[in-house]
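Notes follow the structure.
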Amino acid sequence: MKRYYLVIMVILALDICLLGCKKKQPELKELQTPISTEIPTVLPEQTPISLPARSQEITLTPSKIEPPIPQGPYKPTNEEIQLALKNAGFYTGAIDGKIGPLTKKAIEEFQKANGLQVDGIVGPKTWAVLSRYLNPPTAEIPTKGTLKKR
Numbered sequence: 052m053k054r055y056y057l058v059i060m061v062i063l064a065l066d067i068c069l070l071g072c073k074k075k076q077p078e079l080k081e082l083q084t085p086i087s088t089e090i091p092t093v094l095p096e097q098t099p100i101s102l103p104a105r106s107q108e109i110t111l112t113p114s115k116i117e118p119p120i121p122q123g124p125y126k127p128t129n130e131e132i133q134l135a136l137k138n139a140g141f142y143t144g145a146i147d148g149k150i151g152p153l154t155k156k157a158i159e160e161f162q163k164a165n166g167l168q169v170d171g172i173v174g175p176k177t178w179a180v181l182s183r184y185l186n187p188p189t190a191e192i193p194t195k196g197t198l199k200k201r
């Protein structure tokens, strides 16, 4: 029985020793350092930047952005086909983007008139000829010197 008391006493002594030996944690105020409110004019390892005088103007020009060049043969939209056919005088319907019987007939007539294979499909060969009519040349706009007085 004395052994048990001795073991319990040793365990209690170790607990008291370990609990009492903890280091004191520093308070929050001790961890904080004051921050300077001054802003340096030149930061270390940096050189000052000189700005242009007010009399000098800085002009920015937008860069020319061009659309990407498509890879492979160009496939026209239905609206482009209808517009080109209308400009060529083969299509009289509305430009609605729908390839219906009227558009199909106009394609076939265009192909026949231009010596192309008549299949009603705007393939690369047909489009090569038809695309010339997509943007017809515009009429010359008269200027002041060319106007006639009445």
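All you need for this note's numbering is the position in the sequence shown, starting with 1, plus 51.
All residues carry an ideal CB built from backbone N, CA and C; glycine is no exception.
- Task: Starting from the Cα of residue 137, find the closest Cα among 156, 126, 64 and 60 and give me that residue.
- Result: 156
- Message: Using the three-state DSSP reduction, which class does residue 145 fall into: helix, strand or coil?
- Response: coil
- Query: By how many angstroms is the C-alpha of residue 59 removed from the C-alpha of residue 67?
  - Reply: 12 Å
- Message: Let me check understanding here. Comparing Cα to Cα, which of 132, 186 and 64 lies closest to residue 149?
- Response: 132
- Task: Output the distance between the C-alpha atoms of residue 167 and residue 176, rounded to the nearest integer angstrom.
- Result: 8 Å
- Message: For residue 198 and residue 174, what's the separation of their Cα atoms in angstroms?
- Response: Because the pLDDT of residue 198 is 49, which lies under 50, any placement of that residue in the model is unreliable, and the number read from its coordinates should be weighed accordingly. Roughly 45 Å between the two C-alpha positions.
- Query: Does the beta-carbon of residue 142 have 16 or more other beta-carbons within 10 angstroms, so that it is buried, or is it exposed?
  - Reply: buried
- Task: With a 10 Å radius around its C-beta and 16 neighbouring C-beta atoms as the bar for buried, classify residue 158 as buried or exposed.
- Result: buried
- Item | Nonlocal neighbours in the same chain, by C-beta distance under 7 Å from residue 134, ignoring five residues either side | 146 and 185
- Item | Rounded straight-line distance, which links the Cα of residue 182 to that of residue 162 | 13 Å
- Query: Which of helix, strand or coil does DSSP assign to residue 66?
  - Reply: helix
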